[in-house]
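Student: Below are the structure tokens for one structure; questions will follow.
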Ligand code: UDP
Ligand code: MG
């Protein structure tokens, strides 16, 4: 088997502080892996600029002009981490000159040295290799608590995701080809990749602190991601609501019989408190249910529009005749 061509796919959003530190690390990794005979010399580091407002894109262009291993694409505007990674993976697939991709954040938090083992596992036959965090010591207690809670809640609600695996993973282009047929607009990569199948493996690594700059994932964005993940991958919440609805209806039915019996016995009092309680309770339950159902309807709405999931406005290289987006 000839040596695989690796593309490291790196989403970047307002990362002018950290890119000058991490870009040389990625380049060195590629060169080291090639020197060790694990990957081809033609491997690349692909930066995806996700509509940054700072100097990120000009930095990427500078890297690309300095070393041919660096290439960059730029999204027409900020579309979020998941879409940026997808754009990079599809660029690698459509380039026709890539065998495996590894997606990783650009902030140096994920241990870049785990790539050696990922590539080895690929050479041993795995088509997808998940990077899994072994410890979260460097995360704050709050981040750790919310992040681990995230995986538990996701799994409980039917989104089958690998515990403590984020978006650091190796995917072969064979898998990407099948993955390209998953045309949904609401994308949650870490839940979707396992759906494609193929032999997979895991690599454990330690998560470091961000080398510079600040996290773009505050609690609000994490909650949004969790909600998106659950509603994109599973119908379980709707089923839970149906179940809750049945239980509440049964209880109400018993309550009605009780009320009638009381009335017949003539011991009914002006039941202001109980009426208010029931009205409030039912109102609350119904609003929550409507909200969840609305979320799914909203998803259907976006899916029927089938808008492009990313639009690449600029490239540091010119592989295609026309602009590719999808
Ligand atoms: N990112 C992106 N688009 C966004 C937000 C983030 O491409 O809208 C990138 C960011 O540049 C980084 C990665 O996604 O490479 C992860 O973001 P961050 O490190 O801020 O998240 P955290 O690691 O704190 O969860
Ligand atoms: Mg980070």
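In UniProt numbering, the protein residues as written are 1 to 326.
Each residue gets a CB set at the ideal place from its N, CA and C atoms; glycine is no exception.
1. Would you kindly report the start and end of the unbroken beta strand (DSSP E) that includes residue 168?
2. For a test of your reading of the model: does the CB of residue 84 fall under 6 Å from any non-hydrogen atom of the ligand UDP? Yes or no.
3. Run through the DSSP bridge pairs and tell me what residue 76 is partnered with.
4. Apart from the five residues just before and just after residue 63, which ones in its own chain have a Cβ nearer than 6 Å to its Cβ?
5. Beta carbon of residue 124: closer than 6 Å to some heavy atom of the ligand MG?
6. Whose C-alpha, out of 52, 116 and 13, is nearest the C-alpha of residue 38?
7. Could you tell me if the beta carbon of residue 50 falls within a distance shorter than 6 Å of some heavy atom in the ligand MG?
8. Which term fits residue 126, buried or exposed, when burial requires 16 or more other beta carbons within 10 angstroms of its beta carbon?
9. Give the residues whose C-beta lies closer than 6 Å to at least one heavy atom of the ligand MG, in chain order.
10. Where residue 111 and residue 196 are concerned, what is the direct C-alpha to C-alpha distance, given to the nearest angstrom?
11. Using C-beta distances below 6 Å, list every residue in its chain close to residue 274, excluding the 5 sequence neighbours before and after it, in chain order.
12. So is residue 155 buried or exposed if we call it buried at 16+ other beta carbons inside 10 Å?
13. Taking the alpha carbon of residue 226 as the point to measure from, which residue in 57, 279, 148 and 122 has its own alpha carbon closest?
14. When the Cα atoms are used, what is the spatial distance from residue 238 to residue 291?
15. Let me check you understand the geometry: is the CB of residue 12 closer than 6 Å to at least one non-hydrogen atom of the ligand UDP?
16. The ligand UDP and residue 80: does any heavy atom of the ligand fall closer than 6 Å to the residue's C-beta?
17. Taking only heavy atoms of the ligand UDP into account, decide whether any of them is closer than 6 Å to the Cβ of residue 15.
18. How is residue 198 classed by DSSP in three states: helix, strand or coil?
19. Measuring straight from C-alpha to C-alpha, what distance separates residue 253 and residue 233?
20. In the DSSP assignment, what residue or residues form a beta bridge with residue 206?
21. Under the assumption that residue 190 contacts residue 161 (Cβ atoms under 8 Å), give the Cβ distance between them as a whole number of angstroms.
22. Round the Cβ separation of residue 67 and residue 5 to the nearest angstrom and send it over; I've been treating them as touching at under 8 Å.
23. Under a three-way DSSP split, which group does residue 177 fall into?
24. Label residue 338 either buried or exposed according to how many other C-beta atoms from any shown protein chain fall within 10 Å of its C-beta, with 16 as the threshold for buried.
25. For the ligand UDP, I want to know if residue 310 counts as a neighbour, meaning its beta carbon is within less than 6 Å of at least one of the ligand's heavy atoms.
26. Determine contact between the stretch 128 to 146 and the stretch 47 to 62, defined as no fewer than three beta-carbon pairs at a distance below 8 Å.
Tutor: Reading it off the structure:
1. Unbroken beta strand (DSSP E) run through residue 168: 165 to 172.
2. At least one heavy atom of the ligand UDP sits closer than 6 Å to the Cβ of residue 84.
3. The partner list for residue 76 (beta bridge, DSSP) is empty, contrary to what the question assumes.
4. Here residue 63 has 23 and 70 as same chain residues with Cβ atoms under 6 Å from its own Cβ, once five neighbours each way along the sequence are excluded.
5. For the ligand MG, not one heavy atom lies less than 6 Å from the Cβ of residue 124.
6. Measuring from the Cα of residue 38, the nearest candidate turns out to be 116.
7. No, Cβ of residue 50 sits at least 6 Å from all heavy atoms of the ligand MG.
8. By the neighbour-count criterion, in which a residue is buried when 16 or more other Cβ atoms sit within 10 angstroms of its Cβ, residue 126 is buried.
9. Having a Cβ closer than 6 Å to some heavy atom of the ligand MG are 105, 107, 109, 210 and 215.
10. Residue 111 and residue 196 have their alpha carbons spaced roughly 26 Å apart.
11. None.
12. Residue 155 is exposed by the Cβ-count criterion.
13. The shortest Cα separation from residue 226 among 57, 279, 148 and 122 belongs to 148.
14. The straight-line gap from Cα to Cα measures roughly 11 Å.
15. Yes, the Cβ of residue 12 comes within 6 Å of a heavy atom of the ligand UDP.
16. The ligand UDP approaches residue 80 closely enough that one of its heavy atoms is under 6 Å from the residue's Cβ.
17. Short note on residue 15: C-beta closer than 6 Å to some heavy atom of the ligand UDP.
18. Here residue 198 sits in coil by DSSP.
19. Each residue's Cα considered, the two are about 34 Å apart.
20. Within the DSSP secondary-structure output, residue 206 pairs in a beta bridge with 135.
21. Right, the Cβ-Cβ distance comes to about 5 Å (below 8 Å), so this counts as a contact.
22. With 8 Å as the limit, residue 67 and residue 5 do not qualify as a contact, their Cβ atoms being about 16 Å apart.
23. Look at residue 177 here: in three-state DSSP terms it is helix.
24. Residue numbering for the chain in the displayed model covers 1 to 326; residue 338 lies beyond these limits and cannot be assessed.
25. Taking non-hydrogen atoms of the ligand UDP into account, the C-beta of residue 310 is found less than 6 Å away from none of them.
26. Touching, no.
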